[in-house]
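Novice:
Numbering (my numbering), first residue to last: 1 to 444.
This is how it looks when you write it as structure tokens:
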């Protein structure tokens with residue numbers, strides 16, 4: 001009997017490093033500060049004693065779920081053809097949006113992906129607004145993804161030539177949805193499974209750093225200079241670690257743990273890995289009010305102090321193409337971003353075998369620009385947890401409402417190949433030639 005191709009080679013590559021690979025697969029990269037994390041974690045963990053009592057019946061809740069999907073492909077002309085679909089569903093009612101176009105960019109594949117990502121997120125906001133304005137009443141809106149992650153796009157001119165102001169439109173639409181939710185007392189909840197965020201881990205590291213700095217046997221001048229270095233590593237890990245080397249050479253072992261803190265800060269260990277490794281029960285982390293990154297904070301301060309100057313500096317191509325007429329309108333959007341509500345974020349774990357779910361909610365009484373570094377914030381989570389616990393259906397379905405809308409909005413390649421593209425070819429009266437990256441051969 002023939003064995004699957006390369007199985008012997010696959011086994012041979014794994015066996016010698018079985019233990020190390022098992023650790024990486026199940027627990028992530030080794031953490032030299034594991035004991036310190038284990039010491040800090042319980043102070044920010046709230047156990048759930050009876051998950052069944054936390055939920056409610058589906059009939060009690062009015063939940064709108066919002067999601068989107070995308071298809072994109074490089075054309076032989078060098079343009080990128082894309083289709084974005086978004087859907088809002090509440091019980092037996094739905095609202096749909098679709099946008100399709102071709103764009104050109106000298107920014108390469110990274111700029112193309114960023115543009116399409118912004119388009120997807122904006123269409124989710126827009127379809128939720130359409131649903132609310134169309135009378136689709138609900139008490140809660142669930143959006144697949146992080147609300148904070150959507151808030152920290154740096155407002156710059158897009159590298160996509162046809163839509164240089166896409167981020168201005170994005171923030172305008174985001175603000176409209178936030179205002180509608182606040183006015184109508186609607187809970188807006190971002191739900192992200194296996195988010196790559198490190199904000200909770202970074203917060204714990206900042207606690208360890210402050211403790212170590214207080215007890216370090218170094219002179220006062222060194223302490224004063226080391227204090228801001230934590231945020232410098234957050235802002236630019238390479239430069240921050242380079243600066244720290246001077247202190248390491250002088251004080252050696254006295255700064256060993258601080259060195260480990262900085263090295264961990266530079267790693268990409270996500271929050272959900274920390275929760276999985278140190279949570280001993282089902283439960284949730286205490287909410288943190290999330291502050292902007294140092295880079296974004298600088299941009300926000302710049303935009304708040306002189307929004308028109310910010311627009312002229314950061315939208316040079318639009319200024320050249322449209323003239324000064326667009327500056328006033330753009331400045332209004334830019335000036336409003338620092339006043340967006342801050343976001344409170346936490347992780348919830350409903351099954352010890354599962355990975356935790358990141359939850360973001362607006363904190364209406366606080367502004368993003370005023371938060372500074374991440375900090376604990378008292379938030380009444382009872383109603384939010386009720387929705388999440390009711391929607392949780394086990395390891396294969398972390399939220400039934402979001403799973404439902406995902407299945408209904410998901411855009412498959414065969415839909416584009418068999419329906420959308422043939423329709424375009426009939427409309428144009430021409431065959432559409434797609435780029436070399438398009439996979440023409442189908443494999444069984």
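Note that CB positions come from ideal geometry on N, CA and C, so glycine has one too.
Only counting the same chain, and skipping five residues up and downstream in sequence, which positions put a Cβ closer than 8 Å to that of residue 268?
Specialist: Correct list, in chain order: 196 and 198.
Novice: For a quick check, are the C-beta atoms of residue 86 and residue 137 less than 8 Å apart?
Specialist: In this structure, residue 137 does not lie closer than 8 Å to residue 86 by Cβ.
Novice: Between the Cα of residue 170 and those of 206, 150, 128 and 432, spot the shortest distance and give me the residue it belongs to.
Specialist: Comparing Cα-Cα distances from residue 170 to each of 206, 150, 128 and 432, the minimum goes to 150.
Novice: So the beta strand (DSSP E) residue 99 belongs to, where does it begin and stop?
Specialist: It spans 93-103 - the beta strand (DSSP E) in which residue 99 sits, taken as one unbroken run.
Novice: Skipping 5 residues on each side, what residues in its chain have a beta carbon closer than 7 Å to that of residue 167?
Specialist: These residues qualify, in order along the chain: 118, 153, 155, 156 and 158.
Novice: Would you report the Cα separation of residue 416 and residue 71, rounded to the nearest angstrom?
Specialist: Whole-angstrom Cα-Cα distance: 8 Å.
Novice: Give me the DSSP bridge partner(s) of residue 445.
Specialist: A question about residue 445 goes unanswered here, because the residues of the chain that appear run from 1 up to 444.
Novice: Where does residue 71 sit, in a helix, a strand or coil, going by DSSP?
Specialist: Correct three-state label for residue 71: strand.
Novice: Ignoring anything shorter than 4 residues or poking outside the stretch 228-259, list the alpha helix (DSSP H) runs there in chain order.
Specialist: List check, alpha helix (DSSP H) in window: 229-235 and 237-251.
Novice: Given a threshold of 16 other Cβ atoms within 10 Å of its Cβ, counted over all protein chains shown, does residue 443 qualify as buried or as exposed?
Specialist: Any reading at residue 443 is ruled out, since the residue's pLDDT is 36, under 50, leaving its predicted position unreliable.
Novice: Do residue 68 and residue 409 come within 8 Å of each other at the CB atom, strictly closer than that value?
Specialist: A contact, by the Cβ cut-off of 8 Å.
Novice: Using only alpha-carbon positions, find the residue among 388, 394 and 406 that is nearest to residue 57.
Specialist: Here the closest residue by C-alpha is 388.
Novice: Per DSSP, what kind of secondary structure is residue 90 in: helix, strand or coil?
Specialist: The answer is strand: DSSP assigns residue 90 an E or B state.
Novice: Assign residue 144 to one of two classes, buried (16 or more other C-beta atoms within 10 Å of its C-beta) or exposed (fewer than that).
Specialist: That one is buried.
Novice: Rounding to the nearest angstrom, what Cα-Cα distance links residue 286 and residue 234 in this structure?
Specialist: Whole-angstrom Cα-Cα distance: 22 Å.
Novice: What is the DSSP secondary structure of residue 363, reduced to helix, strand or coil?
Specialist: If DSSP states are grouped into helix, strand and coil, residue 363 belongs with the strands.
Novice: Quick one: grab the DSSP three-state call for residue 441.
Specialist: The predicted position of residue 441 is uncertain, since its pLDDT is 40 and thus under 50; no value can be drawn from it.
Novice: Measure the C-alpha to C-alpha separation of residue 334 and residue 148 and round it to an integer number of angstroms.
Specialist: Their Cα atoms are separated by approximately 17 Å.
Novice: Using 8 Å as the threshold, is the stretch 104-124 in touch with the stretch 295-309, meaning 3 or more CB pairs across them?
Specialist: Contact fails: fewer than three Cβ-Cβ distances are below 8 Å.
Novice: Which of helix, strand or coil does DSSP assign to residue 307?
Specialist: Three-state result, residue 307: helix.
Novice: Considering Cα atoms alone, identify which of 46, 328, 208 and 111 is closest to residue 311.
Specialist: Ranking the options by Cα distance to residue 311, first place goes to 328.
Novice: In three-state terms, what does DSSP make of residue 323?
Specialist: Of the three classes helix, strand and coil, the one that applies to residue 323 here is coil, per DSSP.
Novice: How is the alpha helix (DSSP H) around residue 116 delimited, first residue to last?
Specialist: That run of the alpha helix (DSSP H) goes 108-133.
Novice: Kindly identify the DSSP beta-bridge partner or partners of residue 45.
Specialist: Paired residue(s): 285.
Novice: According to DSSP, which residues form a beta bridge with residue 142?
Specialist: The partner list for residue 142 (beta bridge, DSSP) reads 65 and 189.
Novice: May I have the straight-line CA-CA distance separating residue 420 from residue 190, to the nearest angstrom?
Specialist: Those two C-alpha atoms are separated by around 31 Å.
Novice: Using a threshold of 8 Å, state whether the C-beta atoms of residue 288 and residue 374 are closer than that.
Specialist: Cβ distance < 8 Å, so residue 288 and residue 374 count as in contact.
Novice: If we ignore side chains and look at the alpha-carbon of each, how far apart do residue 218 and residue 356 end up?
Specialist: Residue 218 and residue 356: Cα-Cα distance of roughly 40 Å.
Novice: In the structure shown, what three-state DSSP assignment does residue 269 receive?
Specialist: Coil, per DSSP.
Novice: Out of curiosity, what's the CA-to-CA distance linking residue 485 and residue 406?
Specialist: Beyond the ends of the chain as shown, which are 1 and 444, falls residue 485; an answer cannot be given.
Novice: Name the DSSP beta bridge partners of residue 376, please?
Specialist: DSSP, once it has assigned bridges, lists 288 as partnering residue 376.
Novice: In angstroms, rounded to a whole number, what distance separates the CA positions of residue 209 and residue 345?
Specialist: Going by the C-alpha atoms only, they are around 22 Å apart.
Novice: Please state the DSSP three-state secondary structure of residue 423.
Specialist: Looking at residue 423 - three-state DSSP - the assignment turns out to be helix.
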